[in-house]
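Please read the structure below before turning to the comments.
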Amino acid sequence: MFASIIASGLAAGAIYALVGVTYNTMFSTSRVMSFTAGQLAMLGGVFGSLFTLKLGMPVLAGFVLTLIGCAIIGIITEFVAVRPVLKSLDQHLYVLSTLALALMIQQVAAIKWGTEPQPFPRLIGLGNGVWDEKFWLPVLACAVTIIALEYLYRRTLVGRAFIAIAEDNFAARALGLPERGLRIASYALAGMVGGIAGYSGGELLLAFFANGALLNFYGFVPVALGGLGSNRGAVIGGLALGLFQQAANFLVGGIFSSVAVFALFIVVLLAKPQGLFGFSTARRV
Amino acid sequence: MNATQELISQAKVHAIWGPFNSGEALATTPIMARAKMPNIHPCVVESLIDTTKFPNAFRLAPSNNQWDDAVRNYCLNILKVKKVAVIGDTTGYGVTALGASVAAFKKDGAEVVYQANIDSTQPDMTPDMLRAKNAGAEVIVVWSVSTGMEARMFNTRAAMNWDVAFAGHPSMSSGEIAGLVEKPENWKKVYVIGYRSCSYDSSGKLPAKSQDLVDRLLKANVSVKDTLLWWIADGVDAIDLIAKAIEASGSTDGEGIIKYWNGLSKYPGYFGNFTFSPTQHNGYLTEEIVMSEASTARNGAFNLAPGYG
Amino acid sequence: MTAVAATVARNETTEWRAILLRLVPFALIAAAAMILPFVSNDYWALIGTRAAIYWVLVSGLNLIVGFAGHLAIGYVALLTLGAYTTSVLVAGNVMPEVPVFAALPIAGLVGAIFGVVVGLPALRLRTFYFAMSTRGFATIVAQIALAWQSVTGGGIGIAGPEFPAPFNTAWGFYYLCVAFAALCTWLSANVAHSRFGRALIAIRDAEVAAEATGISKPRMLIAIFLFAGALAAVAGGLFATLQTYITPDAFTFDLSVLFFIAILIGGRGSILGPMLGTIILTILPEVAAPLAAWSTFLYAVLLLVIVLAMPGGIAALLDFRNRRPLASNRAIVPRPAALADIVRKSAGEKSLSLRGLTLSFGNVRAIDNLDLDVKPGEIHGLIGPNGSGKTTTLNVISGYYVARAGTITLGEDVLAQGLPALRARHGIGRTFQTPRVIGEASVLQNVMIGGTIEGQATFIEALLALPRNRRDERMLTDKARALLGVVGLEALAEVRADRLQHSELRFIEIARALMLDPDFLLLDEPAAGLSNQEIERLAALIIAISRRGTGLLLVEHHADLIFDICDSVTVLNLGRILAAGTPAEIRTHKEVVSAYLGG
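Residue numbers (the working numbering), protein chains in the order written: chain A, 96 to 380; chain B, 53 to 361; chain C, 450 to 1048.
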């Protein structure tokens, strides 16, 4: 029992952490929290199952196509739901536009893919029991992604340009950084991160349209707890959430575990609105 | 809900066949009763049939009690187990069926070591199966229509190296499951509700009338692979009954249709022989219910389960 | 009659005409609702009843989402709560049976309390976070409904309540729901057109300015959470009756989305818009029958289109008045003399004093050991280079920042720091460096907001349009019009504020601040962006204000204005006082000249 909790807790936690990173990546260049983050992860699972199981492609081809598909959806988010809204003074519009887009993605998936969870292909076929690939694959994917992102942000010019845009938009533009191009690139990157989350988690969560809404929330909790913009916080928050949730799942049962997670989330947020590791927002006056 | 009202008021139909799940039926039956609309449906929840409240509704299937009796008898008297786990989904049907089943098992002296209503879209069945195993369950009784959830339970059983038997709802024998189990062996040792009319006897033969229906379907290129023969038989019978009622009463008037149905005695359908009366709208006869071996479907009909006479 | 009173009288008739014009669309909809039974069948009764029930909920939610601007996307939670509460009370499976007409108010009460619970995070959380938290509540309620089998029947569900005759027929129930809908329209419109409605919009669009006028965000929000929660729960009870039988999956998140999108399609700050939005969204899946499965998709597309193309929604489309072009050669001609009739003379006993004020942002000393006095009736100028701490000083006095050291006293009383909403009651008003007005509201409404805390009527009285509220409105309207006359903008009273020029917005802020007859007025660069002629007129206005006994602290860069009208001047540099004294002294002060004024 204990081993199962740890295994599935870390796996689920890694998926939630990656969705949190998706949120952060989108936020980093646009200051926008997008409702499409969870949907991207859902599409990672759905595309993966579509390409490899339904269309019979080899695993690698299916993976690459999934990433491309999710990157495209990320770019669409930027075009349709983010850029037009950044121009207006109204603070809340991005919530509505990304919500609308996320709903559209979810409904299309429900109608075209179906409302039943569909199986996800076995990718590598290594391990069984608590060492089954559906448990270690998400954790591995999360680790690799985080390391790759750290390298991107700290060692490459593009990564540092992302950080510049995030920290001081006006200064970055004054320096001549191509803000729009960078933003599109970061949304494509976020799309891929989401796709990786869904693809690596496909065996655990199955290819299911409702995963979008589920991961929207469970992926947001690490961000809220770990502080907006902090990938490290997202990972810690995600793993903690995964372990807590699965412990509740195994010991008590499905319904109460989600109530427990929601209740805990709301309580923590009310106590520390910036998150456990975050800092306050900019001045108001 | 809107659809039912639309059928009654806008399309002005003369009879309604359906709905096909008990949750919806719970909501739509009162509407049809208000409109005195003749209604045949195959939903099993007990409360749907009530000759005083809903004199217009007829059930063309066994009631859930009849199903429950058959499964319980099989578990206690043929499999000879003492400890059972009962699992249902979270729909209206699942909750009612589980409640009735658990109560009946306890009354017969069995021990219900684990019971749960599980959301049918839950992707990982390990927590519940693990809890059932730790509690010492010797058979898992399942009351759900979700083939996805059931297939996941079969796969989890294999991953846990546990050889407990499953018994219960006929959806566990549906052709869809073939595509959802990881290995064909995972589908063994699953025993479901079946019907004499749709079962192969020990010499591998269907009853003559059913064989007729199968031949007709095959000739019309209707695939029976992904579904159950009894569902098709039930549908054919339902339409036939509506047609015969209109024919016999000479009009499409609702009252006449209902009167015809109330007078049926051992009407020879494909699915079974139906008997209705003004005070009995559960038309299926208990002796026609059997248990089948789930993975043995051919043309939607099954082999009888082991130990079943 | 004075010129101002004549203006008031003339405006009353135009106001009555405006009100009647506003009522016409509602009357049309009401008429259509009454006729419906005679031109169609039971099926449309169902649709009509559904639209009415949804509107009962949406009319309350409208105040939260459309007026206060809080994106509560999980409101189906309260519908579920109300539906189950009413059904359980009437079915009598937990406690003795309760007749349905008693069960509805009880459910309303439960809904009100939970409305506050669900809404409370809005006081602490930012937009997206709050939206997510309401989503969380929606899921929690749905899960509890599923799990609490002994009360709610779990997956089996529970029968909805039945009404006694004549409400138990399709059309009888329809009329009952239409009656509820009409009542809720009236109630929410009352709130919208009262000072509470305006305060909500102020909190949404100009929160900082709202605080400066004394509006207390928590109290406002709690009032509407109670109201909207109650309405949603009553709608839930009616919904349960409509469905005749409820299970947890009747309360999908799609319903929440429908409510939410109806408000945004209708347009924020409007009653008619969301009402039309609700009706349209209820009918849409029925009219486009083959598209029923795609209905949520269509709602989402509609929302996206509205957000991108028409953020104002249907209400903006119907706002014909604000399409009329404005004169391009408008001049602002204040009439300072009229001030005497409107603003009462200040008692002039207390001085505003700062002693030893110190504030740092990180390592930067923004204000260093500042001493300052503003006497009643005095115009005190505060000048200095950029970054010298002038606006920061005003912000500390206003209460937006807490000083690390030092005190602010009003006469003998020490002012508590960090509580900007309390300043208005102490008689301190202010304007802002960048005008903070509500673009979507009219000029008149913007000014009326300044006087919000002078209203006597409670929220309940506003809700029910009782006489004391009408008197409040009368008082606020008259005073606002009069003050607009004083600042010279009365011709633009009905115009949307976002159509005005920058200089006009500055004068509106002054009018707004004057609504409370302030003892002290803090003006933050009021002349910035004004033409020379306008600056002259501003000067006359400021002098007239000071003659009423109001003490003014004027932060400015226009040296001429300062030296012309100020009684005393303080010069700041790098947070410290460089010099203080009369304008004549300052003008020739060596250090001031070199650091700031230039030779």
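Think of the CB as a built atom: it goes at the ideal place given N, C-alpha and C, for glycine as much as any other residue.
In this text the structure is predicted, and so the values were computed from the model without any measurement.
For C:V863, the closest of C:K799, C:R923, C:Q894 and C:T842 by C-alpha to C-alpha distance is C:K799. Contact with chain B is absent for A:F122, since none of that chain's Cβ atoms lies less than 8 Å from the residue's Cβ. In this structure, DSSP gives C:D927 a helical state, which the three-state scheme calls helix. A contact between stretches requires three or more CB pairs, one per stretch, nearer than 8 Å, and the stretch 339-351 of chain B meets this requirement with the stretch 236-253 of chain B. Contact of C:W743 with chain A is assigned, a C-beta pair being separated by under 8 Å.
Boundaries for B:M224: no beta strand (DSSP E) harbours it, and the DSSP string shows neither H nor E there. DSSP places B:K135 in the strand class (E or B) of the three-state scheme. Rounded to whole angstroms, the gap between the alpha carbons of B:N108 and B:M84 is 8 Å.
Counted as a single uninterrupted DSSP element, the stretch harbouring B:H333 is not any beta strand (DSSP E), since DSSP gives it neither H nor E. A distance below 8 Å separates the beta carbons of A:S192 and C:L757.
Beta-bridge annotation (DSSP): C:R466 is not paired with any residue.
Counted as a single uninterrupted DSSP element, the stretch harbouring A:I170 is not any beta strand (DSSP E) but the alpha helix (DSSP H) occupying residues V154 to I171.
Counting C-beta atoms within 10 angstroms of its own C-beta, C:R917 has fewer than 16 neighbours from the protein chains shown and is therefore classed as exposed. Of all residues in the stretch 167-193 of chain B, only A168, N169, I170, D171, S172, T173, Q174, P175, D176, T178, P179, D180, L182, R183 and N186 come within less than 9 Å of chain A when Cβ atoms are compared, listed by chain position. The Cβ of C:A787 sits no closer than 8 Å to any Cβ of chain A. Within chain C, the residues whose beta carbon sits less than 8 Å from that of A:M199 are F746, A749, V750 and L753, listed in sequence order. Excluding its 5 nearest sequence neighbours in each direction, A:A106 has C-beta neighbours in its own chain below 8 Å: K229, F230, W231, L232, P233, V234, G296, L299 and G337, listed in chain order. For the stretch 343-355 of chain A, the set of positions with a beta-carbon nearer than 8 Å to some beta-carbon of chain B reads N344, F345, G348, G349 and I350 in chain order. The shortest C-alpha to C-alpha distance from B:D102 to any of B:D121, B:M89 and B:P330 is the one to B:P330. Beta-carbon to beta-carbon, C:I673 and C:A517 are separated by about 6 Å, close enough to satisfy the 8 Å threshold. When 8 Å is used as the limit between beta carbons, A:Q340 is near no residue of chain C, the shortest such separation being about 13 Å.
The beta carbons of C:A764 and C:G722 sit closer together than 8 Å. A residue is called buried when at least 16 other Cβ atoms come within 10 angstroms of its Cβ; A:G286 meets this threshold and is buried.
Looking at the DSSP output, C:A1028 bridges to C:V1020.
Among the CB atoms of chain B, none fall inside 8 Å of the CB of C:Q950. Boundaries of the alpha helix (DSSP H) harbouring C:H951: H951 to L963, taken from the DSSP string. Apart from sequence neighbours up to five positions away, the residues of its chain that approach C:A786 with a beta-carbon distance below 8 Å are A993, ordered along the chain. From the listed residues C:T1019, C:I607 and C:T618, the smallest Cα separation to C:N542 is found for C:I607. DSSP places C:R804 in the uninterrupted beta strand (DSSP E) bounded by L801 to F810. The three-state secondary structure of B:I101, taken from DSSP, is coil. In summary, the residues of the stretch 297-328 of chain A whose CB is separated from some CB of chain B by less than 7 Å are L299, L300, L301, F303 and A305, in the order they occur in the chain.
A straight line joining the alpha-carbon of C:R930 with that of C:R961 spans about 11 Å. Fully enclosed alpha helix (DSSP H) runs of no fewer than 4 residues occupy 252-262, 264-269, 274-295 and 297-300 of the stretch 248-317 of chain A, in order along the chain. If you draw a straight line from the Cα of B:P82 to the Cα of B:V65, it is about 17 Å long.
With a cutoff of 8 Å on beta-carbon distance, A:A102 and A:V253 are scored as not near each other. Of the residues C:G604, C:V514, C:V537 and C:A631, the one whose Cα lies closest to the Cα of C:A500 is C:A631.
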